[in-house]
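There are 2 protein chains.
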Amino acid sequence: MIKIGIDIMGGDYAPYSTLEGVLYSLMENKDLYVVATYHKDVDLNDLMKKIFVSSPKRSKIRGFIKNNLWKSRLNFIPCSSYVSMKDKPSNFFKDKDNTLNKIFELLKMKEVDGVVYAGNTGAFLEGSVLIVGRIDNVKRPALLTILPFSNPPIFLLDSGANAECKPEYILQFAIMASTYYKIIVSKTPTVGILNIGNEEIKGNTLTKEANILLKNYIQKNENLFNYIGFVEPYDVVNSKVNIVLADGFSGNIMLKSFESLSEYMMDVLKREFSKGLINKALGLVLRSNFRRLKNFFDYSEYGGAIMLGLKGICIKTHGRANYKAIKNAINFTYKLAKNNIIERIHEQIKSGEVWIT
Amino acid sequence: MIKIGIDIMGGDYAPYSTLEGVLYSLMENKDLYVVATYHKDVDLNDLMKKIFVSSPKRSKIRGFIKNNLWKSRLNFIPCSSYVSMKDKPSNFFKDKDNTLNKIFELLKMKEVDGVVYAGNTGAFLEGSVLIVGRIDNVKRPALLTILPFSNPPIFLLDSGANAECKPEYILQFAIMASTYYKIIVSKTPTVGILNIGNEEIKGNTLTKEANILLKNYIQKNENLFNYIGFVEPYDVVNSKVNIVLADGFSGNIMLKSFESLSEYMMDVLKREFSKGLINKALGLVLRSNFRRLKNFFDYSEYGGAIMLGLKGICIKTHGRANYKAIKNAINFTYKLAKNNIIERIHEQIKSGEVWIT
Numbered sequence: 001m002i003k004i005g006i007d008i009m010g011g012d013y014a015p016y017s018t019l020e021g022v023l024y025s026l027m028e029n030k031d032l033y034v035v036a037t038y039h040k041d042v043d044l045n046d047l048m049k050k051i052f053v054s055s056p057k058r059s060k061i062r063g064f065i066k067n068n069l070w071k072s073r074l075n076f077i078p079c080s081s082y083v084s085m086k087d088k089p090s091n092f093f094k095d096k097d098n099t100l101n102k103i104f105e106l107l108k109m110k111e112v113d114g115v116v117y118a119g120n121t122g123a124f125l126e127g128s129v130l131i132v133g134r135i136d137n138v139k140r141p142a143l144l145t146i147l148p149f150s151n152p153p154i155f156l157l158d159s160g161a162n163a164e165c166k167p168e169y170i171l172q173f174a175i176m177a178s179t180y181y182k183i184i185v186s187k188t189p190t191v192g193i194l195n196i197g198n199e200e201i202k203g204n205t206l207t208k209e210a211n212i213l214l215k216n217y218i219q220k221n222e223n224l225f226n227y228i229g230f231v232e233p234y235d236v237v238n239s240k241v242n243i244v245l246a247d248g249f250s251g252n253i254m255l256k257s258f259e260s261l262s263e264y265m266m267d268v269l270k271r272e273f274s275k276g277l278i279n280k281a282l283g284l285v286l287r288s289n290f291r292r293l294k295n296f297f298d299y300s301e302y303g304g305a306i307m308l309g310l311k312g313i314c315i316k317t318h319g320r321a322n323y324k325a326i327k328n329a330i331n332f333t334y335k336l337a338k339n340n341i342i343e344r345i346h347e348q349i350k351s352g353e354v355w356i357t
Numbered sequence: 001m002i003k004i005g006i007d008i009m010g011g012d013y014a015p016y017s018t019l020e021g022v023l024y025s026l027m028e029n030k031d032l033y034v035v036a037t038y039h040k041d042v043d044l045n046d047l048m049k050k051i052f053v054s055s056p057k058r059s060k061i062r063g064f065i066k067n068n069l070w071k072s073r074l075n076f077i078p079c080s081s082y083v084s085m086k087d088k089p090s091n092f093f094k095d096k097d098n099t100l101n102k103i104f105e106l107l108k109m110k111e112v113d114g115v116v117y118a119g120n121t122g123a124f125l126e127g128s129v130l131i132v133g134r135i136d137n138v139k140r141p142a143l144l145t146i147l148p149f150s151n152p153p154i155f156l157l158d159s160g161a162n163a164e165c166k167p168e169y170i171l172q173f174a175i176m177a178s179t180y181y182k183i184i185v186s187k188t189p190t191v192g193i194l195n196i197g198n199e200e201i202k203g204n205t206l207t208k209e210a211n212i213l214l215k216n217y218i219q220k221n222e223n224l225f226n227y228i229g230f231v232e233p234y235d236v237v238n239s240k241v242n243i244v245l246a247d248g249f250s251g252n253i254m255l256k257s258f259e260s261l262s263e264y265m266m267d268v269l270k271r272e273f274s275k276g277l278i279n280k281a282l283g284l285v286l287r288s289n290f291r292r293l294k295n296f297f298d299y300s301e302y303g304g305a306i307m308l309g310l311k312g313i314c315i316k317t318h319g320r321a322n323y324k325a326i327k328n329a330i331n332f333t334y335k336l337a338k339n340n341i342i343e344r345i346h347e348q349i350k351s352g353e354v355w356i357t
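Read top to bottom, the protein sequences are chains A and B.
Heads up, the first sequence is in our numbering, so the first residue is 1 and it goes up one at a time.
Heads up, the second sequence is in our numbering, so the first residue is 1 and it goes up one at a time.
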């Protein structure tokens, strides 16, 4: 039995879509058990009824709800508050009896194997690190984000958890991300360090020292990943690497540059297509093409971002996650738990210790 | 008289388009004098003839060439070699008698007020700093690049010259870029530091310390620029700031992320429009819209990137620069020289000294 916790209050379409996603995932995974935290004012019966009513007639989910089939594998915990999108992480710790805090506590107590959350990213990052805690020997947990430039996608870490990094953190990021990659893609990944040039003389102290550390490590640990040296944003976009390593500052700058430029270009295109009748007509025809591009950075298929290096699986999906994205995120967490990702990361990190100290 | 040096061998369409650009700029600016370096194997008479023949009949430039009107304000210097796009900066210093080295030497000797170059960026950066030299009291020259998200565009510096920076460099970047901005835009710019969040607690040691330094500086120097604190890539794309300050590492990562993602999205769109007949037809209709977007990062209007903090004006235009972009770059350099940018930067830096040491 795999147990997963979810705060169904997190996300733009919560709690409706989050609960819907939970139900779909329960139907798909027969040995999945879900603990869902919710705000006490939410009428769960009413919510279930709504999902039932708006589901297609004769759909499997209707039977699942009507016959109370979920009851044996879904448990609800009421809380007195929840974290909104605008809440500052600091507020979140004031009232311990909130829906997010509760799932992290469950993870810490090993009552669940992983948690899924679609709400406030800042609260998620801070809460996961402070409450769940680091795996022994892991120096810094890192946020791994998925870049949808290819399939399988590119993994970027750290994408924002550690503004300042040391070379040994970068090596640990490589070890953790490769372990993760192997579980979900079943291949040995190529790994590169984000830099301002491909040549070894390029870069800052951090990239140069991390480069040497990774080269030494890989000589004795050939099987975990293939190290390809420095990569630039151009190489990332063109999928010349599977895992991109960066300090949380430059990784975050690259990620946000990609996200904001893709939004900008879609707006420019939209404007172009609102000039004159012909362009407007064309714009209508092209709507589906645009929608595909617009959702470029939603990448719901791969379950969202993961905080690597913690004593439990912590997955953060996009705020705009619909029921499908929630279902995928739960399935994804399920797969990681089934494959003992935490233990495997712990072992790899331990055996990599000699290279670091 | 303003004197400008240009290496007409640099750029994808050199020496044809570079010389053509020079001629156009000479026609526009009556007190401009140009020194052009070229490779001795180039037949200048033949080149002039080609420009003459392919220019529209009765155009001004035909008369300018035919009547040798350029002869009094354009001087050519033959060199035994030139720098190709693929040359490594280190090669460039081996043979001193090359076209790029020569214009930097002319600038150093104050034989010209500024130089324009459309070729190898690495050679340009290294050569300009090593040969032309820093303005007194300037700690680090920085590469200012133009981001075309609005008009006037956003200025980014450092976009790649200094992989590692100290807070005082960032303050000097602000002073230099603001002086430059005032000359060409005639307004007081808003200035922000690139960061991974807008709040003061966000960021790394460099951004936090630079933030304090700039806040202190601006209290006593209200007129040079308006400091608005931290900005994210999203704010840059949405033109919420005129000048973005960054260390050369993260500035370069943001610039290259923008550039590579815009190329990527254009490729995705192209692919969408090659699927099926209807889409293909649409693609043809939309060609001009796409071309506009594709050239997004060519931004030839603002003359290209500038190396700020050197004892002369060093402008690097895009390798793909056509005659118009070359003409604009020369006109731009002309305007900066007319307005004594070097002296003005020197004064501002000197008066800012107290804040730094």
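Ideal Cβ positions, reconstructed from N, Cα and C, are used throughout, including at glycine.
Kindly indicate if chain A contains any beta-carbon less than 8 Å away from that of residue i.
i, result
"residue 63/B", "no"
"residue 307/B", "no"
"residue 222/B", "no"
"residue 274/B", "no"
"residue 249/B", "yes"
"residue 200/B", "no"
"residue 150/B", "no"
"residue 147/B", "no"
"residue 210/B", "no"
"residue 1/B", "no"
"residue 260/B", "yes"
"residue 204/B", "yes"
Helix, strand or coil for residue i? Go by DSSP, reduced to three states.
i, result
"residue 78/A", "strand"
"residue 145/B", "strand"
"residue 39/A", "strand"
"residue 155/A", "strand"
"residue 184/A", "helix"
"residue 138/A", "coil"
"residue 306/B", "strand"
"residue 253/A", "helix"
"residue 236/B", "helix"
"residue 68/A", "coil"
"residue 273/B", "coil"
"residue 62/B", "helix"
"residue 344/A", "helix"
"residue 352/B", "helix"
"residue 126/B", "helix"
"residue 331/A", "helix"
"residue 201/B", "coil"
Mind checking if residue i is an interface residue toward chain B, Cβ cutoff 8 Å exclusive?
i, result
"residue 232/A", "yes"
"residue 253/A", "yes"
"residue 121/A", "no"
"residue 237/A", "yes"
"residue 37/A", "no"
"residue 128/A", "no"
"residue 228/A", "no"
For my contact list, residue i and residue j are in at a C-beta cut-off of 8 Å; report their separation, rounded to the angstrom.
i, j, result
"residue 310/A", "residue 141/A", "5 Å"
"residue 8/B", "residue 15/B", "4 Å"
"residue 83/B", "residue 4/B", "With a Cβ gap of about 19 Å, residue 83/B and residue 4/B do not count as contacting."
Using the DSSP secondary-structure output, state which residues sit across from residue i in a beta bridge.
i, result
"residue 227/A", "191/A"
"residue 116/B", "6/B, 315/B"
"residue 33/B", "3/B"
"residue 175/B", "The partner list for residue 175/B (beta bridge, DSSP) is empty, contrary to what the question assumes."
"residue 245/A", "157/A, 193/A"
"residue 98/A", "81/A"
Handout entry: Stretch pair the region 259-277 of chain A + the region 222-237 of chain A: three plus CB contacts closer than 8 Å
Key = Under the Cβ criterion (8 Å, minimum of three pairs), the region 259-277 of chain A does not count as touching the region 222-237 of chain A.
Problem - Any 3 or more C-beta pairs closer than 8 Å across the region 130-145 of chain A and the region 309-318 of chain A - result: Because the criterion of three Cβ pairs below 8 Å is met, the region 130-145 of chain A and the region 309-318 of chain A touch.
Exercise for the section: Determine, using beta-carbon pairs with one atom in the region 318-329 of chain A and one in the region 65-80 of chain B, whether at least three such pairs fall under 8 Å. Expected result: Counting Cβ pairs under 8 Å, fewer than three are found: no touch.
Practice task
Determine contact between the region 245-257 of chain A and the region 238-258 of chain B, defined as no fewer than three beta-carbon pairs at a distance below 8 Å.
Solution key: These segments touch.
Exercise for the section: Assess, as a yes-or-no matter, whether the region 181-200 of chain A is touched by the region 212-220 of chain B under the definition of 3 or more beta carbon pairs within less than 8 Å. Expected result: Segments in contact, no.
Problem - Contact the region 166-175 of chain A vs the region 232-245 of chain A: 3+ CB pairs below 8 Å - result: The region 166-175 of chain A makes contact with the region 232-245 of chain A: 3 or more CB pairs, one atom from each, lie closer than 8 Å.
Exercise for the section: Count the C-beta pairs between the region 33-48 of chain A and the region 337-353 of chain A that are closer than 8 Å, then say yes if the count reaches three, no if not. Expected result: No, the region 33-48 of chain A does not touch the region 337-353 of chain A.
Handout entry: Touching by the beta-carbon criterion (3+ pairs, under 8 Å), the region 197-208 of chain A and the region 175-186 of chain A
Key = No contact exists between the region 197-208 of chain A and the region 175-186 of chain A.
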